[in-house]
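A.B. asks: Below are the structure tokens for one structure; questions will follow.
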Amino acid sequence: MKKRMLFILLMFSSLILSCNASEPEIPEVEIKVPEVNETLEPKDPEEPNEPNDPGKELDWANANEINNRLGRGMNLGNTYEADASWQSPFIADDLKRIADLGFKHIRVPIKWERSDRSMANAPFTIKDDFMQTIENVVDQALKNKLHVIINMHHHDKLFANPSGEKERFISQWEQISENFKDYSDSLLFEILNEPHDKLTPALWNEYSKETLNVIRKTNPERCVVLGTAEWGGVEGLKSLEIPNDQNIIITVHYYNPFEFTHQGASWSEGSEAWVGTQWHDTELERQAVVDDFKLALNLTKEKNIPIHVGEFGAFSSADIDSRVRWTRFLSRWFEQQGFSWAYWEWNSGFGIYDPNTKLYNQRLVDGLVKDEMPATFTPEYVLVYESNFVNGNDGWIISNNDASAQASFKVASSKATITVASPGTVDWHIQFIKTGIKIEKDKSYRLNFKASTPDIENRQLGVGISKNSDPWTNYGSKSFTINKQEAEYNLIFNAAYTDNQARVVFNMGDAGKTAVVLSDIKLMEIKYE
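FYI, the working numbering numbers position 37 of the sequence shown as 23, with every residue one higher than the one before it.
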């Protein structure tokens, strides 16, 4: 799960609204927001096969078949990936509880690098007693008819020093692969959870391929689950090089909106200011999810690559009504797209089960495995600010924030066209800004605009609203992929502060010499009552 460093990275990105220099060409697909009570079944409605037991003659299914069998899953979080000081005990009876609720698989996060579990120096041996511990978890899960994903989790030394820790990382997978090579296809390997820090996207593409080759020496047909760099999010798909391997399932994690899912989480600095953020299940909130998963949807449509959502969940500080709405929508929507999924997590801060009282959070359980897709909620929108460029520039300015950046804009036909002569090296080097915007604490807002780019099929456009002076506090931001076809885009955010002089910012640097056309910019307060 995303920890403190992710929040720091997010806060840094909020200051500069970062976006990548280039975006792979994405074929257009038609994506719709689900209607009321659409089918809960995956695309392939065939009932998932039961897992085989170890020792049974192996009959290997392909990746899409196995992903369909995975279906709904549960993370055994805070157990084997945790440090000793905050580790939850493994309780074998929990596996029966999970299976009885209707879940089809478990994901077992594991921190193999702990000193009480493996050697830090060559030959990097994983201790027998710990390997047997994980074996026991896998065996118990299979006996309960659950598929199992085991992974490498919180490999902090690898993230900090990839080249120095690479040999250990590869060696550990060599040992894990050898130990579990005779297990059925109901056991899956996930190479690494949420690569980040100095394990860059380029390095991750290199390391993951090398690791896959090691696994294939002893497990030539086993399904391997491959995640994305930059903390494992769905946006990381743009930089992921997918190996030419028919037994790969791609996994992504989803915690958007982060200010909602991580409000009050002690490891996320500043999260106390987010407490009270709600998720109302509006059409725009649903559409934001659809937009976030566009790359994943194209992978399934264009390349027939199966998708597993390895983590999603909302922390217990969020109000229960919002948690249920968010969890229910995502569960049903993932299934409608043919994605398998694993909720984060079983019995801790995000959990659905209390190990002390032995009681379930029944509303969350129902949202995950029982409830149908409800109708969307329709709020009222009250206009706060509008710019249609009918009377010139409407007070908007271009800010070129580095010697490597140069852009200008002109207004015609109620549109502003920003022309980039030199893009700079980061997105905030070129900013299109309107100041003097008033927002109020604890109110929700919708920033709506139309955008296109006439020069290229796709480019990134960073959008946000923030403080207009140092420290440039971010109130809400998002990166959009725009193209030649003019389209409408929305940023939804909940204001954690009152600011009478906030600014709306479009970040356009570091994306090539590609123009951006903007029109019909509106900021609206969202009234839910």
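By construction, the Cβ of each residue, glycine as well, lies at the ideal position given by its N, Cα and C atoms.
Among A481, N454, T439, which residue has its Cα nearest to the Cα of T467?
C.D. replies: Along the sequence shown, one-based indexing puts residue 467 at 481. Residue T439 is the option with its Cα nearest to T467.
A.B. asks: May I ask you to report which of helix, strand or coil DSSP gives W327?
C.D. replies: Taking the first residue of the sequence shown as 1, we reach residue 327 at position 341. If DSSP states are grouped into helix, strand and coil, W327 belongs with the strands.
A.B. asks: Taking one C-beta from the stretch 421 to 433 and one from the stretch 395 to 407 each time, how about it: are there three or more such pairs within less than 8 Å?
C.D. replies: no
A.B. asks: Is the beta carbon of I293 sitting closer than 7 Å to the one on F315?
C.D. replies: For this step, residue 293 is matched to residue 307 along the sequence shown. For this step, residue 315 is matched to residue 329 along the sequence shown. For I293 and F315, no; Cβs fall outside 7 Å.
A.B. asks: Label I(-6) either buried or exposed according to how many other C-beta atoms from any shown protein chain fall within 10 Å of its C-beta, with 16 as the threshold for buried.
C.D. replies: Position 8 of the sequence shown, counting from 1, holds the residue named residue -6. At I(-6), the pLDDT of 40 sits below 50, so the modelled position is not reliable; the number obtained from the coordinates is stated separately. In summary, I(-6) is exposed, with fewer than 16 beta-carbon neighbours lying within 10 Å of its beta-carbon over all protein chains present.
A.B. asks: Does the stretch 276 to 288 come within contact of the stretch 215 to 226, defined as at least 3 CB pairs closer than 8 Å?
C.D. replies: The stretch 276 to 288, when compared against the stretch 215 to 226, does touch it at the 8 Å Cβ threshold.
A.B. asks: G378 by DSSP, collapsed to three states: which one?
C.D. replies: Counted from its first residue, the sequence shown places residue 378 at position 392. The answer is coil: DSSP assigns G378 none of H, G, I, E or B.
A.B. asks: Verify whether the separation of the beta carbon atoms of W312 and A300 is less than 7 Å.
C.D. replies: Sequence index remark: in the sequence shown, residue 312 carries index 326 (1-based). Sequence index remark: in the sequence shown, residue 300 carries index 314 (1-based). Cβ atoms of W312 and A300: closer than 7 Å.
A.B. asks: My output table needs one value for R93: the three-state DSSP class, helix, strand or coil.
C.D. replies: Position 107 of the sequence shown, counting from 1, holds the residue named residue 93. Three-state result, R93: strand.
A.B. asks: Please name the residue in A251, D267, A70 whose C-alpha comes closest to that of W260.
C.D. replies: One-based indexing of the sequence shown puts residue 260 at position 274. Measuring from the Cα of W260, the nearest candidate turns out to be A251.
A.B. asks: Any idea what DSSP makes of R103, helix, strand or coil?
C.D. replies: Along the sequence shown, one-based indexing puts residue 103 at 117. Residue state, collapsed to three classes: coil.
A.B. asks: Could you compute how far the alpha carbon of A588 sits from the alpha carbon of T421?
C.D. replies: Nothing can be reported for residue 588: it is not among the residues displayed for the chain, which extend from -13 to 515.
A.B. asks: Indicate whether the contact test is met: 3 or more Cβ pairs, each with one atom in the stretch 162 to 182 and one in the stretch 136 to 152, closer than 8 Å.
C.D. replies: yes
A.B. asks: Out of curiosity, what's the CA-to-CA distance linking N191 and N377?
C.D. replies: Looking up residue 191 in the sequence shown gives position 205. Looking up residue 377 in the sequence shown gives position 391. Whole-angstrom Cα-Cα distance: 50 Å.
A.B. asks: What does the alpha-carbon distance come out to for the pair W253 and G335?
C.D. replies: Translated into positions along the sequence shown, residue 253 becomes position 267. Translated into positions along the sequence shown, residue 335 becomes position 349. C-alpha separation (whole angstroms): 12 Å.
A.B. asks: Among residues of its own chain, excluding the 5 on either side of N290, which ones have a beta-carbon nearer than 6 Å to its beta-carbon?
C.D. replies: In the sequence shown, counting from the first residue as 1, residue 290 sits at position 304. Sequence-distant partners of N290 (beyond 5 residues in either direction) whose C-beta falls short of 6 Å from its own C-beta are missing from its chain.
A.B. asks: Once DSSP output is grouped into helix, strand and coil, what is the label at S517?
C.D. replies: Here the chain comprises residues numbered -13 to 515, so residue 517 is not present and cannot be evaluated.
A.B. asks: Roughly how many whole angstroms lie between the Cα atoms of N379 and Y371?
C.D. replies: Counting from one through the sequence shown, the residue named residue 379 turns up at place 393. Counting from one through the sequence shown, the residue named residue 371 turns up at place 385. One C-alpha to the other measures close to 14 Å.
A.B. asks: Please state whether DSSP places E138 in a helix, a strand or coil.
C.D. replies: Indexing the sequence shown from 1 puts residue 138 at position 152. A quick correction: the sequence has Met, not Glu, at residue 138. Looking at M138 - three-state DSSP - the assignment turns out to be coil, as it is neither helix nor strand.
A.B. asks: As a quick exercise: from N130, L198, G57, pick the residue whose alpha carbon is nearest that of D231.
C.D. replies: Stepping through the sequence shown from its first residue, residue 231 is reached at position 245. Cα-wise, what sits closest to D231 is L198.
A.B. asks: Using CA coordinates, which residue listed in S373, N460, V351, A488 is at the minimum distance from S505?
C.D. replies: Here residue 505 corresponds to residue number 519 of the sequence shown, with the count starting at 1. Ranking the options by Cα distance to S505, first place goes to S373.
A.B. asks: Give the list of continuous alpha helix (DSSP H) stretches no shorter than 4 residues that lie fully inside the stretch 182 to 237.
C.D. replies: Whole alpha helix (DSSP H) segments, 4+ residues: 187 to 204.
A.B. asks: Would Q446 and A497 qualify as a contact pair, given that the criterion is a beta-carbon distance under 7 Å?
C.D. replies: Walking along the sequence shown from the start, residue 446 turns up at place 460. Walking along the sequence shown from the start, residue 497 turns up at place 511. It is a contact, given that the beta carbons lie within the stated cut-off.
A.B. asks: Under 7 Å Cβ to Cβ from I423, same chain only, skipping five residues before and after it: list those, please.
C.D. replies: For the purposes of this step, residue 423 is taken as residue 437 along the sequence shown, with counting starting at 1. Answer for I423: Y371, I451, A488, R489, V490, L509, listed in chain order.
A.B. asks: Helix, strand or coil: how does DSSP classify E297 here?
C.D. replies: Counted from its first residue, the sequence shown places residue 297 at position 311. Three-state result, E297: strand.
A.B. asks: Within its chain, find whatever has a CB closer than 6 Å to the CB of E33; leave out the 5 residues flanking it on each side and keep chain order.
C.D. replies: For the purposes of this step, residue 33 is taken as residue 47 along the sequence shown, with counting starting at 1. Model confidence at E33 stands at a pLDDT of 44, short of 50, so the residue's coordinates are unreliable; what they give is reported in the following sentence. Counting only Cβ-Cβ distances below 6 Å, and skipping sequence neighbours, we find nothing.
A.B. asks: For R318, list the residues DSSP reports as bridge partners.
C.D. replies: To locate residue 318, count along the sequence shown from 1; it is residue 332. Partner(s): none; R318 has no beta bridge.
A.B. asks: What separation, rounded to the nearest whole angstrom, lies between the Cα atoms of S101 and N107?
C.D. replies: Along the sequence shown, one-based indexing puts residue 101 at 115. Along the sequence shown, one-based indexing puts residue 107 at 121. Near 10 Å, if we compare the C-alpha coordinates of N107 and S101.
A.B. asks: Sort E153, D357, N165, P206 by Cα distance to Y193 and report the nearest one.
C.D. replies: For this step, residue 193 is matched to residue 207 along the sequence shown. When only C-alpha atoms are compared, the closest one is E153.
A.B. asks: Any contact between the stretch 448 to 462 and the stretch 475 to 489? By contact I mean 3 or more CB pairs, one from each, below 8 Å.
C.D. replies: yes
A.B. asks: Would you mind sorting A389 into buried or exposed? The rule is 16 or more other CB atoms within 10 Å of its CB.
C.D. replies: As a first step, residue 389 must be located in the sequence shown, where it is residue number 403. Result: exposed.
A.B. asks: Name the two residues that bound the continuous alpha helix (DSSP H) containing P148.
C.D. replies: In the sequence shown, the residue the question calls residue 148 occupies position 162. Note, P148: alpha helix (DSSP H), 148 to 165.
A.B. asks: Around the C-beta of S385, are 16 or more other C-beta atoms found within 10 angstroms, so that it is buried, or is it exposed?
C.D. replies: Locating residue 385 in the sequence shown gives position 399, where the first residue counts as 1. Classified as exposed, S385 has fewer than 16 neighbouring CB atoms from the shown chains inside 10 Å of its CB.
A.B. asks: Distance, Cα to Cα, F89 vs R58?
C.D. replies: Numbered from its first residue, the sequence shown carries residue 89 at position 103. Numbered from its first residue, the sequence shown carries residue 58 at position 72. Distance between the alpha carbons of F89 and R58 is about 5 Å.
A.B. asks: Does DSSP classify S308 as helix, strand or coil?
C.D. replies: Here residue 308 is taken as the residue at index 322 of the sequence shown, counted from 1. Here S308 sits in helix by DSSP.
A.B. asks: According to DSSP, which residues form a beta bridge with V406?
C.D. replies: As a position in the sequence shown, residue 406 is number 420, starting the count at 1. Its beta-bridge partners are A393.
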